[in-house]
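**Q**
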Amino acid sequence: GQQLNQSPQSMFIQEGEDVSMNCTSSSIFNTWLWYKQDPGEGPVLLIALYKAGELTSNGRLTAQFGITRKDSFLNISASIPSDVGIYFCAGPTQGGSEKLVFGKGTKLTVNP
Amino acid sequence: SAVISQKPSRDICQRGTSLTIQCQVDSQVTMMFWYRQQPGQSLTLIATANQGSEATYESGFVIDKFPISRPNLTFSTLTVSNMSPEDSSIYLCSVEKGTGVFSEQYFGPGTRLTVT
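Quick note, the sequences are listed as chains A and B, same order.
Reading the first sequence from the start, the letters are residues 16 to 127 in the numbering used here.
Reading the second sequence from the start, the letters are residues 433 to 548 in the numbering used here.
#1: Around the C-beta of A/LEU70, are 16 or more other C-beta atoms found within 10 angstroms, so that it is buried, or is it exposed?
#2: Exposed or buried, which one is A/ASN37 when buried takes at least 16 other CB atoms within 10 Å?
#3: Could you name the residues of chain A that B/LEU524 contacts, counting a contact when the two beta carbons are closer than 7 Å?
#4: In the structure shown, what three-state DSSP assignment does B/ASP519 receive?
#5: So with CB distances below 9 Å, who are the chain B contacts of A/PHE103?
#6: Spatial neighbours of A/PHE103 within its chain, please: C-beta separation below 7 Å, excluding the five flanking residues on both sides.
#7: Quick one: give me the first and last residue of the beta strand (DSSP E) that A/LEU48 is part of.
#8: Under the assumption that A/LEU115 contacts B/GLN537 (Cβ atoms under 8 Å), give the Cβ distance between them as a whole number of angstroms.
#9: Report the residue from B/GLY492, B/SER516, B/ASN482 and B/VAL547 whose alpha carbon sits nearest the alpha carbon of B/PHE507.
#10: Closer than 7 Å: is that where the CB of A/LYS122 sits relative to any heavy atom of the ligand FMN?
#11: If contact is defined by three or more beta carbon pairs under 8 Å, each pair taking one atom from either stretch, is the stretch 442-455 of chain B in contact with the stretch 507-522 of chain B?
#12: Counting contacts by CB-CB distance shorter than 8 Å, is B/THR480 in contact with chain A?
#13: Given A/GLN29, which residues of its chain have a CB within under 6 Å of its CB, disregarding the five upstream and five downstream residues?
#14: For A/ASP33, collect the residues of the same chain with a Cβ closer than 8 Å to its Cβ; drop the 5 residues on either side in sequence, then sort them by chain order.
#15: Could you work out which residues of chain B lie near A/LYS119, taking near to mean beta carbons separated by less than 9 Å?
#16: So, at 6 Å on beta carbons, what are the nonlocal neighbours of B/THR546 in its own chain, with the 5 sequence-adjacent residues on each side left out?
#17: Drop a sphere of 10 angstroms on the beta-carbon of B/PHE534, count the other beta-carbons inside from all chains shown, and report buried for 16 or more, exposed for fewer.
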């Protein structure tokens, strides 16, 4: 089945630094979704991307839908301690737009 | 978006017993989904639940182990049957909003299950 390769697996950064993480696949995706999961909580949708080349921002977060439709990246600028959590990319599986496949996540730690 | 609640938020259960998890959403939705997130892992889809029809299970998940109900457009339950320690996970429900390629999924807070 389709797989999403997410990297890096974990990141340790200082408060104020910028962060970049990405997601790649051997398959084409028509939608890319980026989620953040805080400890003990369900994933929260951060950004949804629907078009190849699309660049979308949500506050300090910016995500892009790769032009090949096989990758996406998420940037966080000027990180703050509350950015700590696990970030997941996700996309609909082939043959059914409602079923999502998730990357393995990027665990972000921000040192104050 | 959608506001989703789950009950219980967590539970500790003995092996061999069953637990039913409830998922309530604040608006009518066609598609509801149940996921499992094992410790330190990503999310894996268990099944898709549509109102008025049998749930559709993903490979590796069966109805006898994870029976699902979907009595109306705002509510669903997932039962984890005959539990073993390997079932210790976070169980999450989600709903789909939007249509086609513009659809998005929103998640509940999860139910953290520990089986002893």
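We treat Cβ as the ideally placed atom computed from N, Cα and C, and that holds for glycine.
Here the structure is a predicted model, which is why all the values come from computation and not from measurement.
**A** So, to answer that:
#1: Under this definition A/LEU70 is an exposed residue.
#2: Here A/ASN37 is buried. Its C-beta has 16 or more other C-beta atoms within 10 Å.
#3: Within chain A, the residues whose beta carbon sits less than 7 Å from that of B/LEU524 are GLY57, listed in sequence order.
#4: B/ASP519: helix per DSSP, three-state reduction.
#5: Going along chain B in sequence order, the residues near A/PHE103 (Cβ under 9 Å) are SER474 and LEU475.
#6: Excluding residues within five positions, the ones whose Cβ falls inside 7 Å are TYR50, GLN52, PRO58, PHE117, GLY118 and GLY120.
#7: Here the beta strand (DSSP E) through A/LEU48 covers 47-52.
#8: Taking a contact as a CB-CB distance under 8 Å, the pair A/LEU115 and B/GLN537 counts as one, their CB atoms being some 6 Å apart.
#9: If you compare the alpha carbons of B/GLY492, B/SER516, B/ASN482 and B/VAL547 with that of B/PHE507, the shortest gap goes to B/ASN482.
#10: The ligand FMN is absent from the structure shown, which contains no ligands of any kind.
#11: Contact between the stretch 507-522 of chain B and the stretch 442-455 of chain B is present, because at least three Cβ pairs lie under 8 Å.
#12: A Cβ of chain A is located within less than 8 Å of the beta carbon of B/THR480.
#13: For A/GLN29, same chain residues with a beta-carbon under 6 Å away, outside a window of 5 residues either side, are ASN126 in chain order.
#14: Within the same chain, A/ASP33 has close Cβ partners ASN90, ILE91, SER92, ALA93 and SER94.
#15: The contact set of A/LYS119 on chain B, defined by CB atoms closer than 9 Å, consists of GLN473 and SER474 in chain order.
#16: Apart from sequence neighbours up to five positions away, the residues of its chain that approach B/THR546 with a beta-carbon distance below 6 Å are ILE444 and SER520, ordered along the chain.
#17: Its Cβ having fewer than 16 others within 10 Å, B/PHE534 is exposed.
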